[in-house]
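Here's the structure, in C-alpha cells; my notes come after.
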Amino acid sequence: MTRKIIRNGHIVTAVDDYFADILIVDGQIDAIGRNLAAGADTTVIDAVGLLVLPGGVDCHTHMDNTFGDSTTCDSFETGTRSAAFGGTTTIVDFAFQRQGVGVLEAIERARTKGAAGACIDYGFHVIVTGVDAQVLADMQHAIRHEGISSFKMFMAYPGSVMVDDAAIFQAMRMVGQHGGMIALHAENGTIIDLLIKEALAQGHTAPKYHALTRPAIMEGEATHRGIKLAELAQAPVYFVHLSAKEALKHVVEARDLGVPVFAETCPHYLFFDDSVYDSDDFDLARYVMSPPLRSKDSQNALWTALRTDDLQLVSTDHCPFCMKEGHLGRVNQKPLGRNDFSKIPNGVPGVETRMATLYDGGVRSGRISLNRFVELTSTTPAKLFGLFPQKGTIAVGSDADIVLFDPGEEHVITAKNQHGNCDFTLFEGKRVTGKVRQVMLRGELIVDSDRWLGEVGGGRFVFRGESGGW
Ligand code: URP
Ligand code: ZN
Ligand code: ZN
Numbered sequence: 001m002t003r004k005i006i007r008n009g010h011i012v013t014a015v016d017d018y019f020a021d022i023l024i025v026d027g028q029i030d031a032i033g034r035n036l037a038a039g040a041d042t043t044v045i046d047a048v049g050l051l052v053l054p055g056g057v058d059c060h061t062h063m064d065n066t067f068g069d070s071t072t073c074d075s076f077e078t079g080t081r082s083a084a085f086g087g088t089t090t091i092v093d094f095a096f097q098r099q100g101v102g103v104l105e106a107i108e109r110a111r112t113k114g115a116a117g118a119c120i121d122y123g124f125h126v127i128v129t130g131v132d133a134q135v136l137a138d139m140q141h142a143i144r145h146e147g148i149s150s151f152k153m154f155m156a157y158p159g160s161v162m163v164d165d166a167a168i169f170q171a172m173r174m175v176g177q178h179g180g181m182i183a184l185h186a187e188n189g190t191i192i193d194l195l196i197k198e199a200l201a202q203g204h205t206a207p208k209y210h211a212l213t214r215p216a217i218m219e220g221e222a223t224h225r226g227i228k229l230a231e232l233a234q235a236p237v238y239f240v241h242l243s244a245k246e247a248l249k250h251v252v253e254a255r256d257l258g259v260p261v262f263a264e265t266c267p268h269y270l271f272f273d274d275s276v277y278d279s280d281d282f283d284l285a286r287y288v289m290s291p292p293l294r295s296k297d298s299q300n301a302l303w304t305a306l307r308t309d310d311l312q313l314v315s316t317d318h319c320p321f322c323m324k325e326g327h328l329g330r331v332n333q334k335p336l337g338r339n340d341f342s343k344i345p346n347g348v349p350g351v352e353t354r355m356a357t358l359y360d361g362g363v364r365s366g367r368i369s370l371n372r373f374v375e376l377t378s379t380t381p382a383k384l385f386g387l388f389p390q391k392g393t394i395a396v397g398s399d400a401d402i403v404l405f406d407p408g409e410e411h412v413i414t415a416k417n418q419h420g421n422c423d424f425t426l427f428e429g430k431r432v433t434g435k436v437r438q439v440m441l442r443g444e445l446i447v448d449s450d451r452w453l454g455e456v457g458g459g460r461f462v463f464r465g466e467s468g469g470w
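In the working numbering, the protein residues as written are 1 to 470.
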C-alpha cells in the first residue's frame, strides 16, 4: 500500500476553496481534512503557498493523427508528456474511422498507440467519416462496451472527412438513444471549398487566404444547422473549437430554450485575433488552424460566454505541425503549403500552455474566477465526456490526479522550453504569472518543476461512461 499526504495546500475545485491536507492511498484520494496523521510509511508533500487543483482534462487533442498527407508532429509519448508539464493529466484524443477502417478497428489501433506511448491517462472520441448500418451498430457497441461515448463528425473538408446532414442526423439519433454524443466541426465545407478554389484561381496562395476563405458566417450557418439536426434527433450536441460570435449566438439561443447544446473554445481564439493575418508572409502559416482566428468582437464574446456558461469548456485542439520542414525528422508539415495555402496542414500546438495562459489571462486578469477556471479546464470536460468523478475533481474516491500550481511564479513561454515536438508556440515570448510546480497522476509524482518522473506507457486508457449528461 502506498500512502502520501499533500500538506496544507490551498485546495480549489469547481465549487470549493479551502486549506486542508489530502491523504492519497494507492493512487486514490482517501481522505481530506485538517492535520491528517502521517504514519512512518507516508510520504509528505508540502504544498504551503500552492494551489492544489484537479489535474487538467483536455478533451480535444491530436497526438500522432494523420490528416491527408500530414501527421501531427507529437507522438502519444511526446504529446502526453508535454500535456503533463502543462498540468493536464487526462486527454481525450481521436480514433479515426476512415474508408476501409471500421469503428472498432479504429479504436483498437488508437488503443495500441495509447498503450505504448501515453504518459498520462487517455480516452478517445471516434472520428466518423461515413455512416451505414454497421457503423451505427459499432458506435452503439463502442458506447456500451468500449468506454467510448463520443464521436466527431466534420461538416467541412469535402472529399476527405466531411459527412452530409443525413449521416450526422442518423448518428445523432442513434447515440442520443444510447448515452453518446456527436461532436461537430461546424463549418460549411462546400461553400468554403468554392471560396478556396476561387482564391487560388486568382493567384491568392498566401496563408492569410486560409482565413479569408473560411468566413465566420459559414461557421454560424453550420452551427445553426447542427443544432437543428440535434433537436430533430433528440440528442445532445457538442461543438468543437467554437471561434465566432456568429456561431456562439446560435448556441446561446438554443441553450436558453433548454436544448442540450454544449461548446468548447480554445486558448488561441481567446488570446489571438484575425489582425495577425495582415500580411502575405508565409510565416503566417503558424496561424493556420480551422476555424481561423476571428475578430476582436468575437474574442470578447467568447470571454463573456465562458463567464456565463454559454461556453462550457476550454480545450486545446492541440494539433501541432512544425514550421520547419524536417524538424525532428517530421515531413509534410506547414511548408507543404508554401505555394498553396490550402495545403498547409491545419492546426496549432497548445496542450502545454492551456492552464498557464488561461490562469494568467483569465483568472489573474479578472475575466473568470478561480473556481470557473477549474470547471472549464477539468470538471466540466470530465462530466460531459463520462470521466467524472474518477477525473475532474478533488474528492474522496477520485483518482489522485493533482496539480500543485504556484500562483505567483512568473515565467516566459518559449517553444525551446516546451516538452513536445513542435518547433513553435503561438505564445512565444509571452510572460505569464502562474506555473505548474508538481503533477501527480493517480498519486505518482510525474512532474517536479522541470524534471520528468513519469513513465512512457504509464498512462492508462479510461473507460468512459455516457457523454452529454451533467
Ligand atoms: O485546424 C484544426 N483544428 N485542426 C485539427 C483538426 C480539427 O478540425 O479539429
Ligand atoms: Zn475540427
Ligand atoms: Zn481538432
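Just so it is clear, CB atoms sit at the ideal spot from N, CA and C, and this is done for glycine as well.
Its Cα nearest to that of residue 373, the residue 309 stands out among 107, 182, 309 and 275. Rounded to the nearest angstrom, the Cβ distance from residue 317 to residue 240 is 7 Å, consistent with a contact under 8 Å. Listed by position in the chain, the residues whose beta carbon lies within less than 6 Å of some heavy atom of ligand 2 are 185, 240 and 241. Shown here for residue 85: same chain residues with a beta carbon closer than 6 Å to its own, the five before and five after excluded, namely 352, 419 and 447 in chain order. Nearest in C-alpha terms to residue 104, of all of 361, 403 and 139, is 139.
Short note on residue 188: C-beta not closer than 7 Å to any heavy atom of ligand 1.
Partner residues in the beta bridge of residue 410, as assigned by DSSP, are 433. With a threshold of 16 other beta carbon atoms within 10 Å, residue 337 meets it and is buried. It is roughly 11 Å from the alpha-carbon of residue 350 to the alpha-carbon of residue 62. A heavy atom of ligand 1 is found nearer than 7 Å to the CB of residue 319.
Per DSSP, the unbroken beta strand (DSSP E) holding residue 153 starts and ends at 150-154.
Taken through DSSP and simplified to helix, strand or coil, residue 183 comes out as strand. With contacts defined as CB atoms closer than 8 Å, residue 178 and residue 148 fail to qualify as a contacting pair. Minimum Cα-Cα distance from residue 101 among the listed residues 273, 135 and 22 corresponds to 135. Check the Cα spacing between residue 78 and each of 128, 109, 66 and 120: the tightest is with 120. Assignment of residue 283 by DSSP, reduced to helix, strand and coil, places it in the helix class. Counted as a single uninterrupted DSSP element, the stretch harbouring residue 255 is not any beta strand (DSSP E) but the alpha helix (DSSP H) occupying residues 245-256.
Counting only the Cα atoms, residue 161 lies some 28 Å from residue 255.
Its Cα nearest to that of residue 69, the residue 333 stands out among 333, 455 and 180. Between the alpha carbons of residue 153 and residue 335 lies a gap of roughly 27 Å.
Taken in chain order, the complete alpha helix (DSSP H) segments of 4 or more residues contained in the region 326-376 are 354-358 and 370-374. In the structure shown, residue 19 adopts extended strand secondary structure according to DSSP, grouped into three states.
Counting only runs of 3+ residues, the beta strand (DSSP E) found wholly inside the region 64-135 occupies 88-97 and 121-128, in chain order. Residue state for residue 262 is assigned as strand, using DSSP reduced to three classes. Beyond the five residues adjoining it in sequence on each side, residue 238 comes within less than 6 Å, by CB distance, of 181, 183 and 262 in the same chain, given in chain order. When secondary structure is reduced to three states using DSSP, residue 394 falls in the coil class, being assigned neither helix nor strand. The DSSP-derived three-state label of residue 162 is strand. Annotated as distal: residue 415 and residue 344, with beta-carbon spacing of 8 Å or more. Secondary structure of residue 220 (DSSP, three-state): helix. Contact check for residue 72 against residue 319 passes: the beta carbons are separated by less than 8 Å.
Rounded to the nearest angstrom, the gap between the Cα atoms of residue 25 and residue 2 is 6 Å. With contacts defined by Cβ atoms closer than 8 Å, residue 436 and residue 356 form a contacting pair. Residue 324 carries a coil assignment under DSSP once its states are collapsed to helix, strand and coil.
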